[in-house]
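Residue numbers (our numbering), protein chains in the order written: chain U, 12 to 337; chain F, 123 to 406.
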C-alpha cells in the first residue's frame with residue numbers, strides 16, 4: 012500500500028541539498044522501500060537459497076562472458092581488452108555470420124511457431140483421454156526428446172545412397188532417377204534440419220502445457236456454457252487459452268530459446284561445417300570460433316548478439332500473447 | 123468429468139487419427155532402441171536396418187555384465203553415484219525453486235519485477251559460452267571433483283523457477299488470504315496450501331530435472347570430476363561405446379537400460395497429474 016507523504020510547509024532558505032521537495036521525496040521513498048522490504052522479509056528468506064546459487068552459477072558466468080566479449084581470449088593466455096573490435100568484426104567483416112544469421116532467422120521463424128502450436132494442440136488432444144492412456148501417449152510423443160542421440164536415425168532415413176529409406180522410396184515410385192545426396196545438398200539441408208527439429212520439439216513446453224491444462228478451473232467451463240459458448244473452439248479461445256496465459260508465455264520463451272539455439276543436431280547430422288555453410292546457425296558459428304579457433308572473446312560477442320535477438324523476439328511474443336482470447 | 127460441449131464427430135475422428143499417426147511416427151526411436159538391444163550382433167549391422175528383431179537374444183546384456191565385472195571400481199558404485207546425483211539434485215531443485223517461485227508469484231515485495239526479468243533473461247544466453255566462466259567459478263570455490271560441482275548448479279536451474287512461478291500465479295489470492303487470516307506464516311502457506319495446488323507443476327519439474335541429471339550427469343561430470351569413485355553410469359557407458367565396433371551390442375543394451383529410469387518416472391508421474399480444483403476452497 013502506498014503511504015501518502017505529508018506535505019510540510021517550506022521554510023525560507025531551504026534550498027540546500029537533502030532539503031527541499033526532491034530531497035525529501037528521495038529520502039522518504041528510500042524509507043518506504045526499506046519498510047516494505049522489512050515487512051516482506053519472509054519473501055526474501057524463501058528466495059535466498061535459490062537465488063544465492065542462481066547468482067553464483069548463472070548470473071555471474073553470464074556477466075563474465077559478457078565482459079569476455081570485449082576481449083581477445085584464446086583460453087590459454089590472459090584475456091586482452093580490445094573494446095568493440097569483436098562486434099565490429101562480426102557485423103562488418105564476417106560474411107559467414109551473415110549466412111548463419113539468415114539461416115537461424117529462417118529456421119526459427121518456421122520451427123518456432125509450428126512447434127509451439129503443435130505442442131499446444133497435442134497437449135490439448137491428449138488431455139481428453141483417460142489417465143493411463145494419456146500417460147502412454149504422452150510418453151510416446153515425448154520419446155524423441157528423452158532418447159538422447161536417436162535422432163541419428165535420420166541419417167539412415169536420408170542416407171545419400173540408394174539404400175537410404177527416402178531415396179529407395181522415391182526411386183521405387185519413379186519420382187527420381189538417381190539417389191539424392193540429402194545431407195550434402197545445399198538445397199535440402201535446411202529443410203531436413205527443420206523436419207528433425209520439429210520431430211524433437213515436443214519437449215518441455217509439451218509437458219508444461221499438459222500440466223497447465225489440468226490446472227484450468229473447471230467451473231469456468233460450466234459458467235461458459237451457461238453464458239452461451241456454443242462449441243469447443245469457442246471454449247478453447249475464450250476460456251482455456253486466457254486461463255493458460257502464464258503457461259503459454261513459459262512455452263513461448265522455451266520454444267524461442269530452443270529454436271534459436273539449434274546447433275547440436277546440425278553438427279551431428281549435417282557435418283561441421285555443413286556443406287557451403289548452408290545449414291550454419293548462429294550457435295554453430297559460435298561453437299566454431301570457441302572450440303576450433305580458440306577465440307572465446309569473439310564467441311562471447313556472438314552469444315551476446317544472439318541474446319539481443321532472442322530478447323527482441325521474446326518482447327514481441329509477449330505483446331502478441333497478451334492478445335490471446337480477445 | 124463435466125459434460126462435454128458439442129463437437130462434430132468428423133473433426134473428432136480426424137483429430138484422433140492425426141494423433142495416432144504422429145504417435146507412431148514419434149514412437150520409432152523407442153521401438154528401434156528396444157529392438158536393437160535384443161538383436162544378435164549380425165542383425166545390428168545389417169543395412170538398411172530392420173525395425174524389428176528376428177532372433178531376440180539376451181547376449182548383449184550378459185556381455186554387459188561381463189564387461190563390468192572387471193572394472194576398477196565396483197559397478198554398484200557408479201549406479202549409486204548416478205542415483206544419488208539424480209535424486210538429490212531433483213529434490214533440492216524442486217524445493218529450492220518452488221520456495222523461490224512462491225514469493226515471486228504471490229508476494230508483493232520491492233524488486234520482484236527486476237528479479238524475475240533477470241531470471242528470464244538468463245534463459246536466453248547460450249550455455250556454451252558460460253562454460254568457461256562456470257569452470258572458473260567452480261574451481262575458485264574449491265568444488266572440483268566433488269558431488270557439489272554437479273548438485274549446486276542443478277539446484278539453481280532456471281527452468282524450474284520459471285515453471286513454478288507461472289503455475290503459482292494462477293492460484294486465487296483468496297485462498298492465500300484465508301490462510302493468513304487463520305494465522306499461517308508465509309512458510310506454512312507455501313508448504314501446505316500452495317504446493318499441493320500446483321502439484322502438476324512440480325511433478326512435471328521432477329521429470330525434467332531427473333531426466334536432465336540422469337543423462338547429462340556425464341556431460342558436466344567429465345568437466346568437473348576426475349576420480350573414478352564419483353563418476354556416473356552415463357560416463358562409464360560412454361567409455362564402453364568408445365571400445366569400438368565389438369561393443370556395439372552392449373552399447374545398444376546400455377542405451378535401453380539408461381532410458382528405462384526416466385521412462386518409469388515419467389509414466390508414474392504422468393498418471394498422477396490429475397485435476398486439482400484450485401477453487402475448491404472458495405464459495406463465490
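The C-beta atom is built at its ideal place from N, Cα and C for all residues, glycine as well.
Alpha helix (DSSP H) containing residue i: first to last residue?
i, result
"residue 145 (chain F)", "131-159"
"residue 232 (chain U)", "229-238"
"residue 330 (chain U)", "307-333"
"residue 187 (chain F)", "181-191"
"residue 215 (chain F)", "197-228"
"residue 257 (chain F)", "253-262"
"residue 62 (chain U)", "52-65"
"residue 221 (chain U)", "215-225"
"residue 296 (chain U)", "293-298"
"residue 210 (chain U)", "200-210"
"residue 286 (chain U)", "Unbroken run through residue 286 (chain U): none, as it is neither H nor E."
"residue 122 (chain U)", "106-137"
"residue 275 (chain F)", "270-277"
"residue 140 (chain U)", "From DSSP, residue 140 (chain U) is part of no alpha helix (DSSP H); its letter is neither H nor E."
"residue 295 (chain F)", "295-303"
"residue 290 (chain F)", "280-290"
"residue 270 (chain U)", "256-271"
"residue 98 (chain U)", "96-99"
"residue 72 (chain U)", "71-79"
"residue 241 (chain U)", "Careful: residue 241 (chain U) lies outside any alpha helix (DSSP H) and carries neither H nor E."
How long is the line joining the alpha carbons of residue i and residue j, rounded to whole angstroms?
i, j, result
"residue 308 (chain F)", "residue 54 (chain U)", "8 angstroms"
"residue 226 (chain F)", "residue 372 (chain F)", "48 angstroms"
"residue 258 (chain U)", "residue 332 (chain U)", "11 angstroms"
"residue 132 (chain F)", "residue 239 (chain U)", "23 angstroms"
"residue 197 (chain U)", "residue 316 (chain U)", "26 angstroms"
"residue 121 (chain U)", "residue 190 (chain F)", "46 angstroms"
"residue 340 (chain F)", "residue 357 (chain F)", "The pLDDT assigned to residue 340 (chain F) is 46, lower than 50, so where the model puts this residue is not dependable; a value taken from the coordinates is nonetheless given after this. Distance between the alpha carbons of residue 340 (chain F) and residue 357 (chain F): 5 angstroms."
"residue 284 (chain U)", "residue 251 (chain F)", "19 angstroms"
"residue 194 (chain U)", "residue 277 (chain U)", "10 angstroms"
"residue 208 (chain F)", "residue 39 (chain U)", "49 angstroms"
"residue 349 (chain F)", "residue 266 (chain F)", "10 angstroms"
"residue 334 (chain U)", "residue 326 (chain U)", "13 angstroms"
"residue 214 (chain F)", "residue 327 (chain F)", "12 angstroms"
"residue 389 (chain F)", "residue 334 (chain F)", "16 angstroms"
"residue 158 (chain F)", "residue 377 (chain F)", "9 angstroms"
"residue 220 (chain U)", "residue 324 (chain U)", "21 angstroms"
"residue 362 (chain F)", "residue 354 (chain F)", "13 angstroms"
"residue 229 (chain F)", "residue 45 (chain U)", "16 angstroms"
"residue 147 (chain U)", "residue 173 (chain F)", "21 angstroms"
"residue 383 (chain F)", "residue 198 (chain F)", "16 angstroms"
"residue 123 (chain F)", "residue 379 (chain F)", "Residue placement at residue 123 (chain F) is flagged as unreliable, the pLDDT there being 39, under the threshold of 50; the coordinate-derived value follows with that caveat. Between residue 123 (chain F) and residue 379 (chain F), the C-alpha separation is close to 38 angstroms."
"residue 145 (chain U)", "residue 311 (chain F)", "32 angstroms"
"residue 328 (chain U)", "residue 137 (chain U)", "25 angstroms"
Do residue i and residue j have their CB atoms nearer than 8 angstroms?
i, j, result
"residue 261 (chain U)", "residue 245 (chain F)", "no"
"residue 291 (chain U)", "residue 119 (chain U)", "no"
"residue 272 (chain U)", "residue 213 (chain U)", "no"
"residue 92 (chain U)", "residue 224 (chain U)", "no"
"residue 179 (chain F)", "residue 381 (chain F)", "no"
"residue 203 (chain U)", "residue 231 (chain U)", "no"
"residue 201 (chain U)", "residue 270 (chain U)", "no"
"residue 65 (chain U)", "residue 233 (chain F)", "no"
"residue 311 (chain U)", "residue 79 (chain U)", "yes"
"residue 282 (chain F)", "residue 219 (chain F)", "yes"
Does any CB atom of chain A fall closer than 8 angstroms to the CB of residue i?
i, result
"residue 279 (chain U)", "No chain A is part of this structure, whose protein chains are labelled U and F."
What residues in the region 223-252 of chain U bring their beta carbon closer than 8 angstroms to a beta carbon of chain F? 223, 225, 226, 228, 229, 230, 232, 233, 236, 240, 241, 242, 243 and 246
Members of the region 290-308 of chain F near chain U, C-beta cut-off 8 angstroms: 291, 292, 307 and 308
Under 8 angstroms (Cβ pairs) to chain F, residues found in the region 186-214 of chain U: 210 and 213
Anything in the region 109-138 of chain U with a Cβ closer than 9 angstroms to a Cβ of chain F? List those residues in chain order, please. 129, 132, 133, 136 and 137
Taking Cβ-Cβ distances below 7 angstroms as the criterion, which residues of the region 295-316 of chain U are in contact with chain F? 297, 298, 301, 307, 310, 311 and 314
Is there contact between the region 132-150 of chain F and the region 148-157 of chain U, where contact requires at least three CB pairs shorter than 8 angstroms? Between the region 132-150 of chain F and the region 148-157 of chain U, the count of Cβ pairs shorter than 8 angstroms is three or higher; the stretches touch.
Contact between the region 310-325 of chain F and the region 282-296 of chain F is defined here as three or more beta-carbon pairs at a separation below 8 angstroms; is this criterion met? yes
Against chain F, which members of the region 68-81 of chain U pass a CB distance test of less than 8 angstroms? 68, 69, 70, 71, 72, 73, 75, 76 and 79
Using 8 angstroms as the cut-off, can you tell me whether the region 54-69 of chain U makes contact with the region 289-304 of chain U, which would need three or more C-beta pairs spanning the two stretches below that distance? no
If we count Cβ pairs, one from each stretch, closer than 8 angstroms, do we get three or more for the region 93-102 of chain U versus the region 175-187 of chain U? With a cut-off of 8 angstroms, the region 175-187 of chain U and the region 93-102 of chain U do not count as touching, because too few Cβ pairs lie within range.
Going along the chain, which residues of the region 88-107 of chain U sit with their C-beta nearer than 7 angstroms to a C-beta in chain F? none
Taking any Cβ of chain U, which residues in the region 197-212 of chain F have a Cβ under 8 angstroms from it, in chain order? For the region 197-212 of chain F, which is checked against every Cβ of chain U, not one residue is closer than 8 angstroms.
Name, going along the chain, the residues of the region 240-251 of chain F whose beta-carbon falls closer than 9 angstroms to a beta-carbon of chain U. 240, 241, 242, 243, 244, 245, 246, 247, 248, 249, 250 and 251
Given 8 angstroms as the limit, is there contact between the region 82-92 of chain U and the region 256-265 of chain F, that is, 3 or more CB pairs closer than that? No, the region 82-92 of chain U is not in contact with the region 256-265 of chain F.
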